[in-house]
Each structure stands twice: as C-alpha cells, then as structure tokens.
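Report on the structure given below.
In my numbering, the protein residues as written are 4 to 627.
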C-alpha cells in the first residue's frame with residue numbers, strides 16, 4: 004500500500020512537470036541576445052536544446068530557449084574541433100591541447116562538471132561512434148591538424164576505444180596516413196584553418212565490432228581490439244570529398260564502394276563475395292530488397308579551395324546484391340545528377356542539369372522526362388504529398404510524381420553581387436538544417452523498406468561546417484548523419500540529469516536533486532542550476548530531455564534562402580514551405596553569418612554578430 008502511494012505521488016509529480024512543460028511550449032518563442040567576453044568563434048546547437056558557444060577566452064553552454072548561461076569555462080581557447088557532444092548522452096567532450104596539461108575531458112553538458120578525464124588521448128576530436136548497450140565510445144583523434152587550406156594535407160588518425168562511463172582506454176589503433184579536409188577556405192591564402200575527417204564516413208559499432216572506413220573497410224572486436232576484417236582500397240577520388248557511398252550493413256554482407264568498384268564483403272568471414280568494377284564514381288548506394296541502386300557521378304567538394312565540381316559519368320545502375328551482376332544501367336543524365344529519390348517501388352527519380360527524369364526500377368528505361376528549370380539543381384526530396392521537390396541555390400520547385408506536372412515553384416534571388424561564395428555557404432547551411440529535421444532516409448524514399456547505412460550511433464562534424472558548400476553531398480550524407488531512429492535509442496545520462504530519469508530503462512527515479520553529490524570542476528563558473536530550487540531544476544532538465552524526445556516526431560517543413568525580404572526592410576532568410584511552396588517564414592539578419600542555426604523544436608534561429616549571439620523567432624509571415 005505504501006509503495007502504491009509513493010508511485011502515485013511520483014506519477015503526480017511527473018504529470019505536473021509534463022503539464023508545466025506543455026504550458027511553456029505553448030508560449031510563442033521569444034527573441035533574446037547575449038553578449039560574451041570576446042567575438043564568437045563557433046557555435047552549435049544540440050539535440051538537448053542547448054547551444055555551445057566558443058570565444059577566444061571561454062566556452063559557454065547556453066539555454067536555447069531563454070539565452071541564459073548554463074555554465075561557463077573560463078580561460079580556455081578551444082577550436083571547434085576541440086568540442087563535441089557525445090551522441091545520445093548528456094556528455095560533452097573537450098580536448099585541451101594548448102598547454103602543458105594536454106587532456107580530454109567528458110563533462111556534464113548541463114553543469115560543466117567533469118565526469119571523467121584522460122591524459123592518454125590527445126588531439127582534435129574528429130569523429131565518434133557510441134554503443135550505449137556495450138558502454139563503449141570510439142573517439143578518432145588527430146594531432147597538429149592545422150595548416151593553410153589546401154589539398155594533400157595528410158595525417159595519421161588515432162582511434163581510441165574507451166569505457167563510456169569512466170573514460171578508461173580499452174584499446175587503440177593507428178590508421179594509415181589519410182588526406183584531410185579544411186573546415187573553411189578563407190580569402191587570406193596564408194591563414195591557418197583546422198582540418199577534419201569530414202571527407203570520410205565515421206566509424207560505427209555493429210554486432211560487437213567496430214568498423215572503420217578511412218583506407219578501405221576494417222573491423223575489430225569492439226572490446227578486445229583484435230582485427231577481424233581487412234579490405235584495403237583507396238577511398239575518395241584524389242583531391243575530392245565524399246566520392247564514395249556510405250557503407251550499407253545488410254543481414255549477411257557489407258556493401259562498400261571505392262574508386263569505381265562496388266564490393267560485397269561477408270560480415271562473417273571478411274571475404275569479398277563479389278566485386279562490380281568500372282561503375283564510375285559511386286557516391287550513393289541504396290539497397291531495396293535484393294537490388295542495389297547505384298548513383299554514379301555528381302557534384303563534389305574540391306579540397307584545395309572548397310569549390311563544387313562536377314564529375315561523371317552520370318547515371319544510375321541496378322546491381323543484384325547476391326551476385327554483383329549488373330541488371331541495367333541508365334546513362335541518360337546530362338551534365339549533372341542529384342541524389343536518388345524513390346517515390347515508390349517501381350520508379351526512381353533524379354534530376355540532371357535540365358530535366359527531372361523518372362526511371363523504371365525494373366528495366367532501367369526512362370519513363371518520363373520534364374524540364375525542371377532549376378539553376379544548378381543539387382538535391383531532391385519527397386514532401387508529405389508525395390511530390391518530387393528539386394532544389395538549387397536560389398530556387399526550389401515541386402513536381403507531381405506521376406505526370407511530372409509542376410505543382411509549385413519558389414525563387415529568392417540573392418541580394419547584390421559579389422557574394423557568390425556567401426550565397427553558397429548559406430544554401431549549404433539551409434540544406435543541412437533541413438535534412439537534420441527531415442533526413443533523406445525519411446524524405447527521399449516513400450513507402451519503401453531500405454537497408455540502413457549504419458546501425459549504431461556515429462558523429463561527424465560535416466553538417467556543422469558552414470563553409471562546406473556542396474548541397475548534394477550534404478543531402479546524400481545526411482541519411483547517415485541525421486535520419487536515425489530516435490525512438491529505439493537508449494539515451495544514457497551520467498551527470499545531474501541521471502536523477503531525473505533512469506537512462507538505461509527510461510523509468511523514473513525518486514526526484515531528489517538536492518541529494519546529488521556534485522562534482523566541482525575548477526574553472527567552471529556561472530552555473531545556472533546552482534541558483535535554482537530543486538523543483539525548478541527538475542522542470543528545466545525535463546524540458547531539455549523533452550527536446551530530444553521531440554526530435555523523433557519532428558519533420559522539417561522549410562528550406563531557407565538568403566534574399567531581400569519583401570515584408571521587412573533589409574536582407575534575411577526566407578523560409579519556403581516544401582509542402583505548398585509558400586514563403587511563410589522570414590528572419591531579418593542585419594549582419595549575415597552563414598553559420599546560422601535553426602532549432603525547429605524551439606522555433607528559434609541563432610545568429611552570431613561579433614561578440615553577441617542572437618535568437619530570433621521563426622515567425623510566420625503572409626505567404627506570397
């Protein structure tokens with residue numbers, strides 16, 4: 004009887020918190036502006052609704068709703084590659100490499116307090132993979148990854164596999180020398196920039212193994228580190244990024260591409276089952292049933308200057324996944340090709356430079372061709388009505404998936420001249436944000452069961468790099484980066500949030516934040532939660548966890564373009580609704596910052612200007 008009363012009280016408390024959160028969310032989002040100690044060097048949003056901000060002197064974590072500082076780490080000068088949230092946890096990794104005390108720390112993202120630290124792992128945080136069930140974290144680090152923006156900059160990645168809870172190193176592996184990618188391409192040719200591994204797909208845990216994809220495909224026992232599979236081949240066309248497809252893990256085989264070859268590798272033995280040669284560059288592969296649909300050619304980012312270049316031959320091929328036999332090849336794409344779109348099981352849609360093309364999925368023959376009139380068509384998607392939507396840098400249009408009839412069209416011309424690279428950066432940013440909330444695995448394939456590109460939780464900084472201007476690569480890679488099944492993941496909590504909900508089972512614990520044994524970390528100031536009473540603390544933490552849960556149901560509706568706003572004086576971002584083509588959002592930006600971040604859950608857009616970060620509501624405006 005006593006247990007039943009306690010359970011009823013706990014349920015009542017949780018219900019009260021839920022009601023409070025819903026009431027808060029019904030309020031329209033409010034703009035805010037916060038001033039920092041120095042100019043903003045970088046900022047990034049997170050799945051938990053907090054914003055990470057770095058300056059020359061400090062690291063801040065900001066409440067995305069209110070603009071309040073959750074905590075501040077003083078006297079640290081971190082690059083963007085020194086900071087990375089650990090996927091599906093409340094941990095934030097920080098790499099300190101500019102002093103004698105070189106180390107990596109995992110801190111509570113809500114308080115800044117250290118959970119664990121390691122002096123064995125050093126360098127910039129390039130990529131990660133997490134296996135919450137096995138309590139494993141794989142971190143890919145590289146030291147001295149700074150130089151002027153150029154191609155042929157190479158380093159040896161070092162992979163550390165750690166205990167997720169303690170940070171203890173279990174094993175490590177040094178990868179062979181690989182070419183890296185600049186984070187940006189400044190106008191000053193001699194200016195140093197950070198380099199990353201964003202031109203490779205991140206590692207992933209599958210079946211108690213860790214897979215790497217830097218110089219072919221290699222797998223290790225996840226806990227023991229013993230090499231189990233080694234298929235070495237050259238990855239990426241020289242001087243270009245992401246020219247290969249994301250690996251596909253099917254029931255018995257792994258399908259990988261490299262330098263014009265498509266391979267099926269046994270997951271059991273590591274042997275190559277078959278190899279299809281001479282396909283051309285294969286940046287995208289989709290497995291549907293027993294057929295691999297392969298896109299050849301496309302738009303790629305050139306490492307030396309960040310420009311987008313075209314590489315052919317352009318087309319689509321169908322390959323039997325069991326034998327590697329080429330079933331058909333479509334070669335009718337003319338000077339360019341978008342990512343693959345599958346409106347249904349019988350057809351494949353692509354766009355080339357001039358036309359939207361529907362291809363019969365069984366025969367490979369062209370079923371329909373209509374002019375799309377989109378300048379530099381770069382990506383495609385499906386909206387909820389099933390229309391095929393084709394987008395470019397300043398225009399987007401929808402077409403009926405059966406007849407090819409134009410349904411709607413929206414165009415927003417960039418303001419002024421001489422800002423071509425800025426417009427490219429804004430377009431890429433807008434594309435990456437859209438696919439964050441409506442990834443290609445949801446929006447490019449309609450009613451079709453496809454194999455997942457990966458089965459664990461991986462992280463790469465690709466979509467956060469504002470200077471990555473290739474819309475097509477962002478759209479293709481987003482299937483692996485963002486289209487994850489949030490509902491099936493196990494969010495693990497190690498800091499103060501662990502008192503709110505049991506991270507391993509999702510069940511509630513007794514709510515007693517006051518009993519938490521706080522870890523105090525030197526240099527952390529301005530902790531907001533310390534100034535709140537226990538009830539308000541729990542209310543705030545509940546909102547952050549709700550933000551993550553909300554992502555599982557959220558779909559992105561808007562694609563943004565930088566233009567001269569019609570209804571407001573000045574320039575800004577116009578948001579086009581991809582379901583009806585109306586421009587029903589406008590955000591005025593006085594000083595353009597192509598790093599802008601939109602949080603669709605909170606209904607806010609974040610923009611930096613000097614030493615300030617501003618949040619502006621994504622208000623709807625009259626459609627045109």
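For glycine and all other residues, C-beta sits at the position ideal for the given N, C-alpha and C.
Per DSSP, the unbroken alpha helix (DSSP H) holding residue 550 starts and ends at 537-554. Taking a contact as a CB-CB distance under 8 Å, the pair residue 350 and residue 364 counts as one, their CB atoms being some 6 Å apart.
Residue 267 is not a Cβ neighbour of residue 297, given a cutoff of 9 Å.
Going by beta carbons, residue 180 and residue 146 fall outside the 9 Å limit. By alpha-carbon distance to residue 133, the top candidate from 207, 387, 62, 251 is 207. Using a Cβ distance threshold of 9 Å, residue 295 and residue 251 count as a contacting pair. Here residue 271 is exposed: its Cβ has fewer than 16 other Cβ atoms, across all protein chains shown, within 10 Å.
Residue 247 holds the alpha-carbon nearest to the alpha-carbon of residue 262 among 539, 576, 247. Here residue 575 is buried, its C-beta having at least 16 other C-beta atoms within 10 Å. When secondary structure is reduced to three states using DSSP, residue 94 falls in the strand class. C-alpha of residue 149 to C-alpha of residue 71: approximately 33 Å in a straight line. Secondary-structure assignment with DSSP links residue 315 through no beta bridge to anything.
With three or more CB-CB distances shorter than 8 Å, the stretch 113-130 counts as touching the stretch 525-533. Judged by DSSP in its simplified three-state form, residue 587 adopts strand.
Residue 264 has its alpha-carbon roughly 37 Å from the corresponding atom of residue 600.
Annotation for residue 176: 162 place their beta carbon closer than 6 Å to its own, counting only its chain and skipping 5 residues before and after. Listed as beta-bridge partners of residue 157 by DSSP are 182. Excluding residues up to 5 positions away in sequence, 31, 32, 620, 621 lie with their Cβ nearer than 8 Å to the Cβ of residue 606 in the same chain. In this structure, residue 301 places its C-beta atom within 9 Å of the C-beta atom of residue 313. Residue 573 counts as exposed, since fewer than 16 other beta carbons sit within 10 angstroms of its beta carbon.
Contact check for residue 196 and residue 205: beta-carbon distance about 21 Å, past the 8 Å limit, so the pair fails to qualify. Across the structure, residue 538 and residue 500 are spaced so that their CA atoms are roughly 13 Å apart. Nearest Cα to residue 259 within the set 564, 533, 285, 88: 285. Here residue 408 is not near residue 38, since their CB atoms are 9 Å or more apart.
With respect to the 9 Å criterion, residue 594 and residue 36 are not classified as neighbours on the basis of their beta carbons. Counting only the Cα atoms, residue 368 lies some 10 Å from residue 334. C-alpha of residue 329 to C-alpha of residue 603: approximately 43 Å in a straight line.
Beta-carbon to beta-carbon, residue 144 and residue 127 are separated by about 7 Å, close enough to satisfy the 8 Å threshold. Restricting attention to beta strand (DSSP E) runs no shorter than 3 residues, the stretch 155-235 encloses them at 161-166, 172-177, 195-199, 207-209, 212-215, 219-224, 230-235, ordered along the chain. Ranked by how close their Cα comes to the Cα of residue 183, the residues 142, 164, 244 have 244 in first place.
DSSP lists 617 as the bridge partner or partners of residue 36.
The C-alpha of residue 317 lies about 23 Å from the C-alpha of residue 401.
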